[in-house]
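In order, the protein sequences belong to chains H and F. Quick note: the first sequence, position 226, residue 247 per the numbering used here, numbers continuous. Quick note: the second sequence, position 310, residue 331 per the numbering used here, numbers continuous. For glycine and all other residues, C-beta sits at the position ideal for the given N, C-alpha and C.
Protein chains: 2
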Amino acid sequence: MGVQIALAPGDGIGPEIMDACIRIFAAAGVTEHLDFIPVDMGERVFAAGDARGITDEAVETIERTGLVYKGPMGTPIGGGGKSINVTLRKTFGAFANLRHFQSLPGVDTVFSRAGVPVDMYIVRENIEDTYGGIEHRLTNDVIECKRLISAPGCDQVHHFAFQTAASLGITKVHCAHKANIMKMTDGLFLERFRAEAQHYPGIEIADIIIDALCMNLVLKPQEYRMIVLPNLQGDIVSDLAAGLVGGLGFAPSANIGDHISIFEAVHGTAPDIAGKGVANPTSLLLSGLMLLRYLGMLKQAAIIENALLAALEAGIHTGDVKGKGEPVGTDAFAGAIIDRLGTTPKGKEARPVPTAATPNHTPPVRPHVNKLMRTFETVHSTHCGCDIYIGTTITPLELAQRLERIAQGTAFKLTMISNRGTQVWPSGSPYTEVVDYYRVRFELRDPAVMLGQIGQMPTIHLLTKVAEKFEVTDFQPLKMFDGRPGFSRAQGQ
Amino acid sequence: MGVQIALAPGDGIGPEIMDACIRIFAAAGVTEHLDFIPVDMGERVFAAGDARGITDEAVETIERTGLVYKGPMGTPIGGGGKSINVTLRKTFGAFANLRHFQSLPGVDTVFSRAGVPVDMYIVRENIEDTYGGIEHRLTNDVIECKRLISAPGCDQVHHFAFQTAASLGITKVHCAHKANIMKMTDGLFLERFRAEAQHYPGIEIADIIIDALCMNLVLKPQEYRMIVLPNLQGDIVSDLAAGLVGGLGFAPSANIGDHISIFEAVHGTAPDIAGKGVANPTSLLLSGLMLLRYLGMLKQAAIIENALLAALEAGIHTGDVKGKGEPVGTDAFAGAIIDRLGTTPKGKEARPVPTAATPNHTPPVRPHVNKLMRTFETVHSTHCGCDIYIGTTITPLELAQRLERIAQGTAFKLTMISNRGTQVWPSGSPYTEVVDYYRVRFELRDPAVMLGQIGQMPTIHLLTKVAEKFEVTDFQPLKMFDGRPGFSRAQGQ
Numbered sequence: 022m023g024v025q026i027a028l029a030p031g032d033g034i035g036p037e038i039m040d041a042c043i044r045i046f047a048a049a050g051v052t053e054h055l056d057f058i059p060v061d062m063g064e065r066v067f068a069a070g071d072a073r074g075i076t077d078e079a080v081e082t083i084e085r086t087g088l089v090y091k092g093p094m095g096t097p098i099g100g101g102g103k104s105i106n107v108t109l110r111k112t113f114g115a116f117a118n119l120r121h122f123q124s125l126p127g128v129d130t131v132f133s134r135a136g137v138p139v140d141m142y143i144v145r146e147n148i149e150d151t152y153g154g155i156e157h158r159l160t161n162d163v164i165e166c167k168r169l170i171s172a173p174g175c176d177q178v179h180h181f182a183f184q185t186a187a188s189l190g191i192t193k194v195h196c197a198h199k200a201n202i203m204k205m206t207d208g209l210f211l212e213r214f215r216a217e218a219q220h221y222p223g224i225e226i227a228d229i230i231i232d233a234l235c236m237n238l239v240l241k242p243q244e245y246r247m248i249v250l251p252n253l254q255g256d257i258v259s260d261l262a263a264g265l266v267g268g269l270g271f272a273p274s275a276n277i278g279d280h281i282s283i284f285e286a287v288h289g290t291a292p293d294i295a296g297k298g299v300a301n302p303t304s305l306l307l308s309g310l311m312l313l314r315y316l317g318m319l320k321q322a323a324i325i326e327n328a329l330l331a332a333l334e335a336g337i338h339t340g341d342v343k344g345k346g347e348p349v350g351t352d353a354f355a356g357a358i359i360d361r362l363g364t365t366p367k368g369k370e371a372r373p374v375p376t377a378a379t380p381n382h383t384p385p386v387r388p389h390v391n392k393l394m395r396t397f398e399t400v401h402s403t404h405c406g407c408d409i410y411i412g413t414t415i416t417p418l419e420l421a422q423r424l425e426r427i428a429q430g431t432a433f434k435l436t437m438i439s440n441r442g443t444q445v446w447p448s449g450s451p452y453t454e455v456v457d458y459y460r461v462r463f464e465l466r467d468p469a470v471m472l473g474q475i476g477q478m479p480t481i482h483l484l485t486k487v488a489e490k491f492e493v494t495d496f497q498p499l500k501m502f503d504g505r506p507g508f509s510r511a512q513g514q
Numbered sequence: 022m023g024v025q026i027a028l029a030p031g032d033g034i035g036p037e038i039m040d041a042c043i044r045i046f047a048a049a050g051v052t053e054h055l056d057f058i059p060v061d062m063g064e065r066v067f068a069a070g071d072a073r074g075i076t077d078e079a080v081e082t083i084e085r086t087g088l089v090y091k092g093p094m095g096t097p098i099g100g101g102g103k104s105i106n107v108t109l110r111k112t113f114g115a116f117a118n119l120r121h122f123q124s125l126p127g128v129d130t131v132f133s134r135a136g137v138p139v140d141m142y143i144v145r146e147n148i149e150d151t152y153g154g155i156e157h158r159l160t161n162d163v164i165e166c167k168r169l170i171s172a173p174g175c176d177q178v179h180h181f182a183f184q185t186a187a188s189l190g191i192t193k194v195h196c197a198h199k200a201n202i203m204k205m206t207d208g209l210f211l212e213r214f215r216a217e218a219q220h221y222p223g224i225e226i227a228d229i230i231i232d233a234l235c236m237n238l239v240l241k242p243q244e245y246r247m248i249v250l251p252n253l254q255g256d257i258v259s260d261l262a263a264g265l266v267g268g269l270g271f272a273p274s275a276n277i278g279d280h281i282s283i284f285e286a287v288h289g290t291a292p293d294i295a296g297k298g299v300a301n302p303t304s305l306l307l308s309g310l311m312l313l314r315y316l317g318m319l320k321q322a323a324i325i326e327n328a329l330l331a332a333l334e335a336g337i338h339t340g341d342v343k344g345k346g347e348p349v350g351t352d353a354f355a356g357a358i359i360d361r362l363g364t365t366p367k368g369k370e371a372r373p374v375p376t377a378a379t380p381n382h383t384p385p386v387r388p389h390v391n392k393l394m395r396t397f398e399t400v401h402s403t404h405c406g407c408d409i410y411i412g413t414t415i416t417p418l419e420l421a422q423r424l425e426r427i428a429q430g431t432a433f434k435l436t437m438i439s440n441r442g443t444q445v446w447p448s449g450s451p452y453t454e455v456v457d458y459y460r461v462r463f464e465l466r467d468p469a470v471m472l473g474q475i476g477q478m479p480t481i482h483l484l485t486k487v488a489e490k491f492e493v494t495d496f497q498p499l500k501m502f503d504g505r506p507g508f509s510r511a512q513g514q
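The structure is reproduced here in structure tokens:
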């Protein structure tokens, strides 16, 4: 019996491109070693009323095998259903998204015409950031989305990035971020990147602000070999990078976890051409090659990739590709690859063919409880105040006066009021326009005496007093962590 | 006396490129109508110990004139100082960032070589999103940044975008967003875009997911004429678009508010070449032309722009530009523009010269209080539960059992526990890895009876009971707004 892999052909063009990939795999002798087990997820499951978009049997198969090979799947618009792709990654802990973007022969792009080669890997954190989908309408006019970054979440993805760079012989890794604005969250992502890099003295590191990176990727993409990013920024840069090589049809994707990994095409389901036999299987095939390499079947992956490159080099392409000559259908394209198994492209992109050909995979052992990940186990924290968020339409000054009365006789004094992050009290500009949602900050009146002496209950009692007079939309204690403040200042504070 | 404008030359190369721009303005007769008043902000002010980076006198001048023309400024690294650029925009309510990206003659890029013309405007929301800089370390391992989107904030920027499109004769406006993931916050941004569009029947609208947009901008930038985006996404796309036309040195920027507007170069201060007289004034000059057009001096703006385009077309360029022939210095470049005032470039980019030449500007009247902006004034909200966020390292099951005991005898029952946005109780996968920070959701036991009958105090009392047993890191009431839930479900819920 071979290595078992859950197989989800996907929606729209998914089944026909998956058929093409499996045909190529069979012709290359891959399926001798692998058992693909069909599972049910996507549109059909959503349509049957399951808001998760995946059957219990499919979950069981995935958890048992630890591997998924999947085609594109749509998310139902409206109805509250969440993206099946995101649900899979998050539920199964597939914390790192690895994508490879390379200029392909026969694929005409602005960059290929300018003679600018692209060959880069993007490693995207896959679980955190605003992708937690934690959103609340706080007042009539204000909605919040929580952006969460955890130290162990950063450590997982950075460790994977450096391990992958080392195995691929990549000697420089960039961390992209927006730590000049999101100083604490992206500051943590960058700090943990630098901490992980210590273990890889042979790999050079650099960091770059996300906006500058996006400009540079358009101006000089050849300067980047691997970039690691937080979730949303990684999502954006991944598609930008796909554009550099001709579009999503050429960009494979793997979602790697400690137990379960998912190899998938990330383009859409293209319902307009579904069933017509004209779709491009390249992205799904390249994703499958990531699966083979993940399993250690380096030889077969290189043979198939060389055949794909040789077919593209010969000008054979589907209709979505800008290339010379008439396009062919999905089956003919797969046939052209099969015909070229064992040959290599003439260009410099020919892959060396390693000898390793046997899959090595240990299916996961189902954990009894969720694994707790920790980074900072011994940090000491002390309460020093709280931020209370209030829904109101009164002026900052009136709000301040009423809150100061409420705080009388407590351990806390009102130190700041901000609106949308900009301080409006005790100082500020009358030109700052406000909405119906304020943040008010209370800090210890006498930190020299009180710091470390109070727990969290005095802040809860202050909240209770404030809530008796105002609509509270949110509450957060302020804490010092090993003597450093665990909170940002307001703009203008 | 002319229209008064606060003038901040900036740091690094700022003073020399500002000198060049003012020389060009003087030669074009602009300074007859305008009085530039120097103000002090940036590095020198930071160095003097003011964490705001701006003097009181500068604030007074800006508030009195309502206009700022500024060169690049750095943000001190470390020390907690916030970006002076961001502080200005937020404090003075300059809610919309307008940028124009156009292919320029004589500036060699990958896209110019491929014959792909670029001519697009980007309108970026300038105040909200994660740029509020509201960050808290919640536990040892988890940091949060609040992403806030308000309905009136959206309305302001969309109104400005459509007004600008109409005045520029642009017939299609795109809204870019990530509403497939951030369904409530970016959903609001998109919903308000569509609402504003109703007032402009002559303008076609479309929306596009931010990652797809970034791919399309690389593949077919010529398809976009104006794009409106939330703050962070707009920041990223602006720099990407700058790359399409050769870099930040060619991209002007205006920050528009109802009272105060800021026209600025957005490139860096380039300390490595500061004082050498080789810097490129193009971005700052084009930003100055945005200022002239804002004031109604359309004639002078067109004359100067034509002279700039003619100089570039003639191959005259500074050292940062990829072009033919030897580069010239800042002064010689300015001189070449001055020499060409009154001429037009030969290419199709020549600007028609309108007749309007007199500035029209009413300085702002200082408001007595901050203006309250509202969109949804009559929505009715009712409490239906709360999310409490807890710092702990116990398992989801143990946490659930202890919380269910706490909720006994209250109006609420525990309905869900999630970790980093993924549900881990009552159902979930043991493969979901967790960190030291849980969200626990309590909802009314009997909503049919209780909904609309309780205020917020029962949730505060429940919080108090939970806080007696657990470390609380965050608290948010759950509310229905006009009968619709004001909160998202967890991934997998």
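Check: Contact under 9 Å by Cβ, Gly114(H) with Thr453(F); Outcome: yes
Check: Beta-carbon spacing of Arg145(H), Ala187(H) below 9 Å; Outcome: no
Check: Complete runs of the beta strand (DSSP E) confined to the region 126–170 of chain H [at least 3 residues]; Outcome: 140–146 and 156–158
Check: Boundaries of the beta strand (DSSP E) in which Ser439(H) is found, first to last residue; Outcome: Phe433 to Asn440
Check: Glu454(F) (DSSP reduced to helix, strand or coil); Outcome: coil
Check: Whole-angstrom distance between His198(H) and Tyr459(H), CA atom to CA atom; Outcome: 28 Å
Check: Which of helix, strand or coil DSSP assigns to Pro417(F); Outcome: helix
Check: Nearest to Gly296(H) (by Cα), restricted to the options Ile38(H), Cys405(H) and Ile358(H); Outcome: Ile38(H)
Check: C-beta neighbour in chain H for Asp457(F), strict 9 Å; Outcome: yes
Check: Residue interval of the alpha helix (DSSP H) (run including Val493(F)); Outcome: Val493(F) -> not in any alpha helix (DSSP H); beta strand (DSSP E) instead, spanning Glu492 to Phe502.
Check: Test item: CB-CB of Val89(H) and Leu55(H) under 9 Å; Outcome: no
Check: Any C-beta of chain H under 9 Å from that of Glu489(F); Outcome: yes
Check: Min CB distance Val89(F) to chain H below 9 Å; Outcome: no
Check: Chain-ordered residues of the region 152–178 of chain H with a beta carbon less than 9 Å from chain F; Outcome: Tyr152, Gly153, Gly154, Ile155, Glu156, His157, Arg158, Leu159, Thr160, Asn161, Asp162, Val163, Ile164, Glu165, Cys166, Lys167, Arg168, Leu169, Ile170, Ser171, Ala172, Pro173, Gly174 and Gln177
Check: Cβ contact check for the region 257–276 of chain F and the region 129–138 of chain F: 3 or more pairs under 8 Å; Outcome: yes
Check: Cutoff 8 Å; reference Gly373(H); Cβ partners in own chain excluding five residues on either side; Outcome: First, the residue type needs correcting, since residue 373(H) is Pro and not Gly in the sequence shown. Here the set comprises Ala323.
Check: DSSP-derived helix/strand/coil call for Gln518(F); Outcome: One cannot answer for residue 518(F) here, as it falls past the ends of chain F, which runs 22 to 514.
Check: Beta-carbon proximity check, Arg426(H) vs Ser259(H), cutoff 9 Å; Outcome: no
Check: Residues sharing a beta bridge with Met247(F), DSSP; Outcome: Tyr142(F)
Check: Given Phe181(F) as reference, the closest of Asp207(F), Asp279(F) and Lys367(F) once Cα atoms are compared; Outcome: Asp279(F)
Check: For Glu225(H), the residue or residues it bridges with in DSSP; Outcome: Lys193(H)
Check: Neighbouring residues, chain H, relative to Gln477(F) (Cβ below 8 Å); Outcome: Ala488, Glu492 and Val493
Check: Short CB-CB distance (under 9 Å) between Pro451(F) and chain H; Outcome: yes
Check: Exposed unless 16 or more other CB atoms sit within 10 angstroms - verdict on Arg361(F); Outcome: buried
Check: Where Arg441(H) falls, given that 16 or more other Cβ within 10 Å makes a residue buried; Outcome: buried
Check: Delimiting residues of the alpha helix (DSSP H) encompassing Val258(F); Outcome: Asn252 to Leu265
Check: Cutoff 8 Å; reference Val139(F); Cβ partners in own chain excluding five residues on either side; Outcome: Phe122, Gln123, Ser124, Phe132, Pro242, Gln243, Ala262, Leu265 and Val266
Check: Euclidean distance between Cα positions of Leu329(H) and Gly74(H); Outcome: 33 Å
Check: Presumed contact (8 Å Cβ cut-off) between Asp32(F) and Met94(F), rounded CB distance; Outcome: 5 Å
Check: DSSP-derived helix/strand/coil call for Asp207(F); Outcome: helix
Check: CA nearest to the CA of Ile475(F), picked from Glu489(F), Ser439(F) and Phe433(F); Outcome: Phe433(F)
Check: Interface residues of chain H facing Met203(F) [CB-CB closer than 8 Å]; Outcome: Thr151, Gly154, Glu156 and Cys166
Check: Min CB distance Gly350(F) to chain H below 9 Å; Outcome: no
Check: Alpha-carbon to alpha-carbon, Ile34(H) and Leu310(H); Outcome: 19 Å
Check: Span separating the alpha-carbon of Met471(H) from that of Phe508(H); Outcome: 18 Å
Check: Within chain H, partners of Pro498(F) - CB distance below 8 Å; Outcome: Val493 and Thr494
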